[in-house]
Amino acid sequence: MYDPASALVGTEAVFAAHPENPAVVALTSIATDAKFDRGELSITVPRESIVAACQAVQSAGYNFLEDVTAVDWYPSKPRFQITYHILSHSLKARVRLIVRLDGSDASVDSITGVWPSANFYEREVFDLFGVHIGGHPNLKRIMMPEDWEGHPLRKDYPVEGYR
Amino acid sequence: MAPLAAPDLINPGVEDVIADAARHDGTNQAKDHTMIINMGPQHPSTHGVLRLVLEIDGESVVSLAPDIGYLHTGIEKTCEAKFYQQVVPLTDRIDYLCPMTNNLAYCLAVEKLLGLEIPERAQYLRVLLNELTRIQSHLVWLGTHAMDVGALTVFLYCFREREDILRIFENLSGQRMMTSYFRIGGVSVEPPLDFYKQVQDFLNIMPDRIQQYENLLTGNPIWMGRLKGIGHLTAAEAISLGVTGPPLRASGVDWDLRRDMPYSGYEKFQFKVPVSQDCDVWARYVVRMEEMHESVKICQQALDGMPEGRIVADAPKIVLPDREQMKTQMESLIHHFKIVTEGFAVPAGEVYQAVESPRGEMGYYVVSDGTAKPYRVHMRNPSYATLQALETMCKGRLLADVVAVIGSIDIVLGEIDR
Chain A
1 MYDPASALVG
11 TEAVFAAHPE
21 NPAVVALTSI
31 ATDAKFDRGE
41 LSITVPRESI
51 VAACQAVQSA
61 GYNFLEDVTA
71 VDWYPSKPRF
81 QITYHILSHS
91 LKARVRLIVR
101 LDGSDASVDS
111 ITGVWPSANF
121 YEREVFDLFG
131 VHIGGHPNLK
141 RIMMPEDWEG
151 HPLRKDYPVE
161 GYR
Chain B
1001 MAPLAAPDLI
1011 NPGVEDVIAD
1021 AARHDGTNQA
1031 KDHTMIINMG
1041 PQHPSTHGVL
1051 RLVLEIDGES
1061 VVSLAPDIGY
1071 LHTGIEKTCE
1081 AKFYQQVVPL
1091 TDRIDYLCPM
1101 TNNLAYCLAV
1111 EKLLGLEIPE
1121 RAQYLRVLLN
1131 ELTRIQSHLV
1141 WLGTHAMDVG
1151 ALTVFLYCFR
1161 EREDILRIFE
1171 NLSGQRMMTS
1181 YFRIGGVSVE
1191 PPLDFYKQVQ
1201 DFLNIMPDRI
1211 QQYENLLTGN
1221 PIWMGRLKGI
1231 GHLTAAEAIS
1241 LGVTGPPLRA
1251 SGVDWDLRRD
1261 MPYSGYEKFQ
1271 FKVPVSQDCD
1281 VWARYVVRME
1291 EMHESVKICQ
1301 QALDGMPEGR
1311 IVADAPKIVL
1321 PDREQMKTQM
1331 ESLIHHFKIV
1341 TEGFAVPAGE
1351 VYQAVESPRG
1361 EMGYYVVSDG
1371 TAKPYRVHMR
1381 NPSYATLQAL
1391 ETMCKGRLLA
1401 DVVAVIGSID
1411 IVLGEIDR
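So the protein sequences, as listed, match chains A and B.
1 is the number of the first residue of the first sequence in the working numbering; add one for each residue after it.
1001 is the number of the first residue of the second sequence in the working numbering; add one for each residue after it.
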């Protein structure tokens, strides 16, 4: 069974345990938080450095963007967590980048300049969470109709919808 | 914001395509020869409710924008309101051509959160069923893809063998398509006695049957003419557009999660990963046909090496007890009652588990807050990303080739819209 004590929390603990990891090397100066849990490496970066962080891991060999999504931690603060999963074909490893955003100013820069595949994923985050993606080439709803009100995957949006 | 690295690769929105045409109409008479047409959302060759807005110049495609969301049912939101074990049947309904693959990805993700060890027998059964699912899904792809480009006969042959596989699934789980056979911690029931013979019979005939399809198609000049050189996608484009699975391998990238990041015991199986350097629709056809052969081999290895033992993990607070035990032992009855009424708490954390589905990388991102219901379930679906590459593959080509390209990326709209 899973032992919570096995998780490494915080930049110091993670970076000390995995000094050779290319993602750790690339992000040492940017990271604000890190976690190594259940064999998965998560690195939190500030919102303004997400594009720089993506470029850094891309040059470190993480060549493939798998997924961009969000988690709404309402009513906790900061409210939104934007999660990027990035895979390396050569290292056979994955890194998770995390950006945390306040509910009052939920906006993050688009990474479509680094990986064009982020396009649909970021539109989905915008559509279902209402997080603004700055610099996105086509920021429109993708799942819900254009005239839909509200963002269904937010935690304050009822599961059965508004009647 | 820095200028975009590859603006040509970004899909235009539906409105952009229309606005672009309006600009041609209004200001530049010389360019007044493009036309906007709508393909779908109900069109036999779009494999579901996919709407494409195409700007065409005569017969050639100038630009193209997919419009999706017609099948959006909010499965991710629904998952947040269910217990962990109640999400399994929902995952079947995302990609209705490979329910077992979805089950596996979700179960592996939750098992990773829990730190559960899965018995080897359950792993082998999961691998066996996943490979049968892959063959089944590829058969639907082959049949419909061939039908789209005009070879109607193949469809009937493919569905003949698909029916065999669905009968195996029905015998095993009681359902042909929405099997929900996997459980968190293992699989739901011991397979019936004739299951192994049924699978063996199927594996005996399948290589010949694949040969039959190839006889109908591979050397066929019309088939070759419609497929070769169409829908070109280079390896660099495929990677930057998030393409996975057979289309990625057909672009020359040697990457298969089953071999490169093994899960559920795939490291114990020997199989080849077919790769082609041709980057076109034909290459995707060749790669998938080879994959079917390899899947048959994996099924045979799983069947031959099927270990004895339990089919569920030894975790009474997570896995429902045996019916017999539940009726006779007080403790099992309590466990059963608690799992059904309260679910089981999963330690807080987040995991991402990816498996190789017939269409590519199917990933489940599950976030737990320590309660019995998932805080967030996100599915990373292969077709969703591959659809973004559609424009790159179709631009400048003939309108009729769009149909062949859609067939070659094997999209399932259920998993795109979720």
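Think of the CB as a built atom: it goes at the ideal place given N, C-alpha and C, for glycine as much as any other residue.
Less than 8 Å between CB atoms is the rule here; does residue i satisfy it with respect to chain B?
i                 : result
Glu122 of chain A : no
Glu40 of chain A  : yes
Ile142 of chain A : yes
Asp67 of chain A  : yes
Phe80 of chain A  : no
Arg164 of chain A : With chain A covering only 1 through 163, there is no way to say anything about residue 164 of chain A.
His18 of chain A  : no
His132 of chain A : no
Hey, could you find the ends of the beta strand (DSSP E) residue i is sitting in?
i                  : result
Glu1190 of chain B : Where Glu1190 of chain B is concerned, there is no enclosing beta strand (DSSP E), given that its DSSP letter is neither H nor E.
Pro1262 of chain B : Run containing Pro1262 of chain B: none; DSSP gives neither H nor E here.
Asp109 of chain A  : 107-109
Arg96 of chain A   : 93-101
Val1355 of chain B : 1349-1357
Met1035 of chain B : 1034-1039
Glu40 of chain A   : 40-44
Phe80 of chain A   : 80-88
Asp37 of chain A   : 33-37
Pro1066 of chain B : 1060-1067
For a contact defined as C-beta to C-beta under 9 Å, what are the partners of residue i on chain A?
i                  : result
Thr1078 of chain B : Val159
Gly1040 of chain B : Chain A residues near Gly1040 of chain B: none, gap ~16 Å exceeds 9 Å.
Ile1068 of chain B : Phe120, Ile142, Met143
Ala1114 of chain B : Sequence check: residue 1114 of chain B is Leu here, not Ala. Per Cβ cutoff of 9 Å: Met1, Tyr2.
Asp1417 of chain B : Met143
Let's test the definition: count the other Cβ atoms within 10 Å of the Cβ of residue i and tell me whether it reaches 16, buried, or not, exposed.
i                  : result
Phe1337 of chain B : exposed
Ile1037 of chain B : exposed
Pro152 of chain A  : buried
Asn63 of chain A   : buried
Glu172 of chain A  : No statement about residue 172 of chain A is possible, as the shown extent of chain A runs from 1 to 163 and does not include it.
Gln1277 of chain B : exposed
Glu124 of chain A  : buried
Gly1174 of chain B : exposed
Ala5 of chain A    : exposed
Thr1091 of chain B : buried
Asn1102 of chain B : buried
Glu1342 of chain B : exposed
Can a CB atom of chain A be found closer than 8 Å to the CB of residue i?
i                  : result
Ser1383 of chain B : no
Asp1314 of chain B : no
His1047 of chain B : no
Arg1380 of chain B : yes
Leu1128 of chain B : no
His1072 of chain B : yes
Glu1361 of chain B : yes
Asp1256 of chain B : no
Asp1164 of chain B : no
Asp1095 of chain B : no
Arg1376 of chain B : yes
Residues of chain B with a CB under 9 Å from the CB of residue i: which are they?
i                 : result
Asp37 of chain A  : Gly1349, Glu1350, Val1351
Tyr62 of chain A  : Those do not exist, as Tyr62 of chain A stays about 11 Å from chain B at its closest Cβ, beyond 9 Å.
Asp117 of chain A : Residue identity check: residue 117 of chain A is Ser in the sequence provided, not Asp. Simply Leu1009, Ile1239, Ser1240, Leu1241, Gly1242, Val1243, Ala1385, Gln1388, Ala1389.
By the criterion of Cβ-Cβ separation under 7 Å, what are the contact partners of residue i in chain B?
i                 : result
Leu153 of chain A : Glu1076, Lys1077
Pro4 of chain A   : Pro1347
Under DSSP, the alpha helix (DSSP H) around residue i begins and ends at which residues?
i                  : result
Phe64 of chain A   : Careful: Phe64 of chain A lies outside any alpha helix (DSSP H), inside the beta strand (DSSP E) at 64-72.
Thr1341 of chain B : 1330-1342
Asp1417 of chain B : 1413-1417
Lys1112 of chain B : 1099-1114
Val1203 of chain B : A small fix is needed here, since residue 1203 of chain B is Leu in this sequence, not Val. Taken as a continuous stretch (DSSP letters only), the alpha helix (DSSP H) holding Leu1203 of chain B covers 1195-1217.
Leu1368 of chain B : Reading off the sequence, residue 1368 of chain B comes out as Ser, not Leu. Here Ser1368 of chain B belongs to no alpha helix (DSSP H); instead the beta strand (DSSP E) covers 1360-1368.
Can you name the residues of chain A whose CB is closer than 7 Å to the CB of residue i?
i                  : result
Met1261 of chain B : Lys92
Along chain A, which residues have their Cβ under 8 Å away from the Cβ of residue i?
i                  : result
Ala1081 of chain B : Val159
Tyr1365 of chain B : Asp67, Thr69, Thr83, His85
In chain C, which residues lie less than 7 Å from residue i when you measure between Cβ atoms?
i                 : result
Arg100 of chain A : Any reference to chain C falls outside this structure, whose protein chains are A and B.
Exercise. Between the stretch 1309-1320 of chain B and the stretch 1117-1133 of chain B, are three or more C-beta pairs nearer than 8 Å?
Worked result: yes
Problem set entry | Touching by the beta-carbon criterion (3+ pairs, under 8 Å), the stretch 1374-1391 of chain B and the stretch 1235-1249 of chain B | yes
For this session: Please confirm if the stretch 1138-1158 of chain B is in contact with the stretch 1219-1239 of chain B, defined as three or more CB-CB distances below 8 Å between the two stretches.
Result: yes
For this session: Determine, using beta-carbon pairs with one atom in the stretch 1106-1113 of chain B and one in the stretch 1403-1413 of chain B, whether at least three such pairs fall under 8 Å.
Result: no
Exercise. Touch check for the stretch 101-109 of chain A and the stretch 1353-1365 of chain B: three-plus C-beta pairs under 8 Å?
Worked result: no
Exercise. Taking contact to mean at least 3 C-beta pairs separated by less than 8 Å, is the stretch 1075-1090 of chain B in contact with the stretch 1155-1168 of chain B?
Worked result: no
Exercise. Would the stretch 142-156 of chain A and the stretch 1271-1282 of chain B be scored as touching if the rule is three or more Cβ pairs under 8 Å?
Worked result: no
Exercise. Taking contact to mean at least 3 C-beta pairs separated by less than 8 Å, is the stretch 1126-1142 of chain B in contact with the stretch 1294-1304 of chain B?
Worked result: yes
Exercise. Does the stretch 1397-1407 of chain B come within contact of the stretch 1366-1373 of chain B, defined as at least 3 CB pairs closer than 8 Å?
Worked result: no
Exercise. Within the chosen definition, does the stretch 1345-1360 of chain B reach the stretch 1320-1333 of chain B through at least 3 CB pairs nearer than 8 Å?
Worked result: no
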